[in-house]
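Report on the structure given below.
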Amino acid sequence: DVKVTQSSRYLVKRTGEKVFLECVQDMDHENMFWYRQDPGLGLRLIYFSYDVKMKEKGDIPEGYSVSREKKERFSLILESASTNQTSMYLCASSSDSGDRETQYFGPGTRLLVL
Amino acid sequence: AQKVTQAQTEISVVEKEDVTLDCVYETRDTTYYLFWYKQPPSGELVFLIRRNSFDEQNEISGRYSWNFQKSTSSFNFTITASQVVDSAVYFCALKRAQAGTALIFGKGTTLSVSS
Numbered sequence: 001d002v003k004v005t006q007s008s009r010y011l012v013k014r015t016g017e018k019v020f021l022e023c024v025q026d027m028d029h030e031n032m033f034w035y036r037q038d039p040g041l042g043l044r045l046i047y048f049s050y051d052v053k054m055k056e057k058g059d060i061p062e063g064y065s066v067s068r069e070k071k072e073r074f075s076l077i078l079e080s081a082s083t084n085q086t087s088m089y090l091c092a093s094s095s096d097s098g099d100r101e102t103q104y105f106g107p108g109t110r111l112l113v114l
Numbered sequence: 115a116q117k118v119t120q121a122q123t124e125i126s127v128v129e130k131e132d133v134t135l136d137c138v139y140e141t142r143d144t145t146y147y148l149f150w151y152k153q154p155p156s157g158e159l160v161f162l163i164r165r166n167s168f169d170e171q172n173e174i175s176g177r178y179s180w181n182f183q184k185s186t187s188s189f190n191f192t193i194t195a196s197q198v199v200d201s202a203v204y205f206c207a208l209k210r211a212q213a214g215t216a217l218i219f220g221k222g223t224t225l226s227v228s229s
């Protein structure tokens, strides 16, 4: 079974704090993704990575950065958290071989920025 | 441009009713993939099905069935004899054929099944 884990299910931070969201997958997947989910807006792609140290901007990268130093780990960083970043954050991974089109998701992190 | 539309925001049914969730997509690609995911209250997106653009064969898995029609750019999902455990948000998604490209999601349909 594919396993994608995220470091926290719930997180409360204050405006201006630096926030790290961690995602780890155990299936040796090449591709990893960060989405945010907001009511009425569905899921929107923030960043993705197709290899170690490689990253690509998604639809809404402003206010975020990412880091992928190891294949299994993809971190989302909020340099200075703001209230409009209160959201549900979902990490996903996919392979470049076999069933390479299917993305598998982690349980999500509900972030509240006060 | 790629786009997925789920026109039904919320659907409420009573147990044992059949329900169909609509999904319409837009793409100029000739090869693409379509997906359905389920998001129960716990929050995790659960993969249900992937369909390739070159395979229009409909699929049935237990109480779930999917109707893919390229002519109308639709990929509808039917739950037969719905159960309370089917209550969730369901997302339809589209993906281009290139490796590593992201999913394009519809805004989701919230299904509530009451007993």
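As they're listed, the protein sequences go chains A and B. Once you know that position 18 of the first sequence is 18 in our numbering, the rest is easy, because the numbers rise by one and skip nothing. For our numbering, add 114 to where a residue sits in the second sequence, where the first one is 1. Each residue gets a CB set at the ideal place from its N, CA and C atoms; glycine is no exception.
Legend entry - Pro107 of chain A at chain B interface by Cβ criterion, 7 Å: So yes, Pro107 of chain A belongs to the interface.
Inset, instruction - Could you name the residues of the same chain whose beta carbon sits closer than 6 Å to that of Tyr139 of chain B, not counting the 5 residues immediately before and after it, in chain order? - result: Within the same chain, Tyr139 of chain B has close Cβ partners Val118, Ser187, Leu208.
Inset, instruction - List the endpoints of the continuous beta strand (DSSP E) containing Asp143 of chain B. - result: Bounds of any beta strand (DSSP E) do not take in Asp143 of chain B, whose DSSP letter is neither H nor E.
Inset, instruction - To the nearest angstrom, report how far apart Glu69 of chain A and Ser49 of chain A are at their CA atoms. - result: Those two C-alpha atoms are separated by around 11 Å.
Inset, instruction - Please report how far the alpha carbon of Glu158 of chain B lies from the alpha carbon of Pro107 of chain A, in whole angstroms. - result: Computed Cα separation, rounded: 4 Å.
Legend entry - Buried or exposed by the 16-neighbour rule on C-beta atoms within 10 Å, applied to Ala216 of chain B: Counting Cβ neighbours within 10 Å, Ala216 of chain B comes out buried, since at least 16 surround it.
Legend entry - Members of the segment 69-85 of chain A near chain B, C-beta cut-off 8 Å: The residues in question: there are none.
Legend entry - Contact under 7 Å by Cβ, Ile46 of chain A with Pro61 of chain A: Between Ile46 of chain A and Pro61 of chain A, the gap from beta carbon to beta carbon is short of 7 Å.
Legend entry - Boundaries of the beta strand (DSSP E) in which Leu217 of chain B is found, first to last residue: For Leu217 of chain B, there is no enclosing beta strand (DSSP E), as DSSP marks it with neither H nor E.
Inset, instruction - For the beta strand (DSSP E) containing Asn166 of chain B, list its first residue and its last residue. - result: Element bounds for Asn166 of chain B: 160-166.
Inset, instruction - Output yes if chain B places a C-beta closer than 7 Å to the C-beta of Gly42 of chain A; else output no. - result: Taking Cβ atoms only, chain B reaches closer than 7 Å to Gly42 of chain A, which makes this a yes.
Inset, instruction - State the beta-bridge partners of Leu90 of chain A as determined by DSSP. - result: DSSP, once it has assigned bridges, lists A:Tyr35 as partnering Leu90 of chain A.
Inset, instruction - List the residues of chain B whose Cβ lies closer than 8 Å to the Cβ of Glu62 of chain A, in chain order. - result: The CB of Glu62 of chain A never comes closer than 8 Å to any CB in chain B; the least such distance is about 17 Å.
Inset, instruction - Consider the Cβ of Glu158 of chain B: report whether some Cβ of chain A lies at a distance smaller than 7 Å. - result: Output row for Glu158 of chain B: interface = yes.
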